[in-house]
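All remarks here apply to the structure that follows.
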Amino acid sequence: MAGKTLYDKLWDSHLVKQRDDGSALIYIDRHIIHEVTSPQAFEGLRLAKRKPWRIDSIIATPDHNVPTTSERKGGIDAIEDQVSRLQVQTLDDNCDEYGITEFKMNDPRQGIVHVIGPEQGATLPGMSVVCGDSHTSTHGAFGALAHGIGTSEVEHVLATQCLVAKKMKNMLVSVEGQLPFGVTAKDIVLAVIGKIGTAGGNGYAIEFAGSAIRDLSIEGRMTICNMSIEAG
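So in this note's numbering, the last spot in the sequence shown is 284, and the numbers never skip.
Dropping the structure here:
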């Protein structure tokens, strides 16, 4: 019997229910939310007269519509676009209503969702992590089972702390050798995508291995996992 991959082990440790049709229910340890994909999810909860199932598993921050200029210190009023401003305000209101931990615009811990998770110790090895953003795969650098979800799935995880999914196939990418000067983690992942194609990773959980990967900093590993979604 073949040994289990890291993905196999993570999947099995979070599996709640397996169905004959291949679909499964997996438990979610960490749910990271932001202002773009969460408003409709919270509205869905209200319409169904439900509340978030496990508040302490959720962290939030606005990051898609936040200005990068010094004017951001002014908070929400610094956002010129009305729709963007409303999304951030709605996130604030929803988090305040349900008591969800949020790093708001004027909080020094605010940042890109896939950076604040590791920074604040919310992303840990062995966890299952989801977020309504395709680059949630970034958290895989920490030995976590991590992937992006859609808005309807955001609502489902908020309500049940579980996600309906199908197990993916395994793909091992091994990169050996020492990187020459000027070559970075981004070059590695771009070379991999160039080899397998932008759809080569469809239906696969990619595990990166080899001496070149082991020698990378955690930031370099985050870069590779972040961009791996571009392979499908």
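Backbone N, C-alpha and C fix where the C-beta goes; we use that ideal spot for every residue, glycine too.
For this session: Starting from the C-beta of Arg-273, find all residues in its chain whose C-beta is less than 6 Å away, skip the five residues before and the five after it, and write them out in chain order.
Result: Ala-193.
Exercise. Taking the runs of the beta strand (DSSP E) that are 3 residues or longer, which of them lie wholly in the stretch 198-259?
Worked result: As far as the stretch 198-259 is concerned, its whole beta strand (DSSP E) runs of at least 3 residues are 214-218, 221-226.
Exercise. Based on Cα-Cα distance, which residue from Asn-222, Ala-264, Leu-197, Asp-239 lies nearest to Gly-252?
Worked result: It is Asn-222.
Exercise. Alpha carbon to alpha carbon, what distance is there between Glu-259 and Tyr-150?
Worked result: Taking the Cα positions, Tyr-150 is about 36 Å away from Glu-259.
Problem set entry | Met-53 to Ile-270 span [Cα, whole Å] | Reliability of the predicted coordinates at Met-53 is poor, the pLDDT of 44 falling under 50, and no value is obtained from them.
Exercise. Looking only at its own chain, which residues have a Cβ that is under 6 Å from the Cβ of Gln-70, when we skip the five neighbours before and after it?
Worked result: The answer, listed in chain order, is Ala-76.
For this session: Look at the alpha carbon of Gly-55 and the alpha carbon of Lys-61, and state the distance between them as a whole number of angstroms.
Result: Distance between the alpha carbons of Gly-55 and Lys-61: 10 Å.
Exercise. Which residues bound the beta strand (DSSP E) around Leu-286?
Worked result: With the chain covering only 53 through 284, there is no way to say anything about residue 286.
For this session: Helix, strand or coil for Lys-56, going by three-state DSSP, please let me know.
Result: Coil.
Problem set entry | Nearest candidate by alpha-carbon position, reference Thr-175, set Ile-240, His-191, Asp-185, Asn-146 | With distances taken between Cα atoms, Thr-175 lies closest to His-191.
Exercise. Are there 16 or more other CB atoms within 10 angstroms of the CB of Phe-233, so buried, or fewer, so exposed?
Worked result: By the neighbour-count criterion, in which 16 or more other beta carbons inside 10 Å mark a residue as buried, Phe-233 falls on the exposed side.
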